[in-house]
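Trainee: 100 is the number that our numbering gives to position 91 of the sequence shown; each next residue is one higher, with no gaps. Beta carbons: idealized from backbone N, C-alpha and C, even for Gly. Mind having a look at this structure? Questions to follow.
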Amino acid sequence: MEESNRQKKIAGVLQSDLANVLQNMLREAGQMGIIISVSKVSVTTDLSIAKVYVSVFPADKAETIVVELNKIKSNIKHQIAQLTKHQLRKMPDLFFYNDDSLEYIEKIDKAVKGEENPLKNPDLLPKRKKS
10 MEESNRQKKI AGVLQSDLAN VLQNMLREAG QMGIIISVSK VSVTTDLSIA KVYVSVFPAD
70 KAETIVVELN KIKSNIKHQI AQLTKHQLRK MPDLFFYNDD SLEYIEKIDK AVKGEENPLK
130 NPDLLPKRKK S
């Protein structure tokens with residue numbers, strides 16, 4: 010089902026504000042050498058839940074950072090609510106997910122360039138699960 014204009018607007022507002030808040034939180038925590046970006050935000054039709062997909066570089070720290078974000082999501086939700094209090098009546102609940110699409114593209118790119126041949130070794134490109 011296609012998102013409504015309202016869902017798209019709310020997702021866009023949340024995406025830009027979340028990116029700023031998350032980068033500031035990393036900077037304040039002293040986490041140097043880690044880049045975090047909000048690649049996608051999708052909001053449910055009743056506007057109560059927002060799924061936030063984050064890309065983390067370096068990728069080996071992605072899972073731990075996503076777990077930490079889910080632990081402190083009430084603090085993040087409060088900060089976003091303060092920023093969007095004149096735009097949103099109710100702040101949706103946030104759920105953070107790791108966006109591994111860059112890693113997937115890199116694996117495909119290596120396969121195309123011939124560095125790793127998935128035809129000889131089919132375990133190189135496992136099937137992706139839809140979330």
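I114 lies in the alpha helix (DSSP H); which residues open and close that run?
Mentor: Segment S110 to K122, the alpha helix (DSSP H) holding I114.
Trainee: Let me know the secondary structure DSSP gives N130 once reduced to three states.
Mentor: If DSSP states are grouped into helix, strand and coil, N130 belongs with coil.
Trainee: Starting from the Cα of Y62, find the closest Cα among V76, R15 and M34 and give me that residue.
Mentor: Answer by Cα proximity: V76.
Trainee: Does the separation of the CB atoms of S51 and E11 fall below 9 Å?
Mentor: Not in contact: S51 and E11 (Cβ atoms no closer than 9 Å).
Trainee: Compute the Euclidean distance between the alpha carbons of N130 and A120, then round it to the nearest angstrom.
Mentor: About 11 Å.
Trainee: Within its chain, find whatever has a CB closer than 8 Å to the CB of T93; leave out the 5 residues flanking it on each side and keep chain order.
Mentor: These residues qualify, in order along the chain: V22, L23, D26 and M100.
Trainee: Hey, quick one: how far does the alpha helix (DSSP H) through K99 stretch, first residue to last?
Mentor: Note, K99: premise wrong, no alpha helix (DSSP H); not H, not E.
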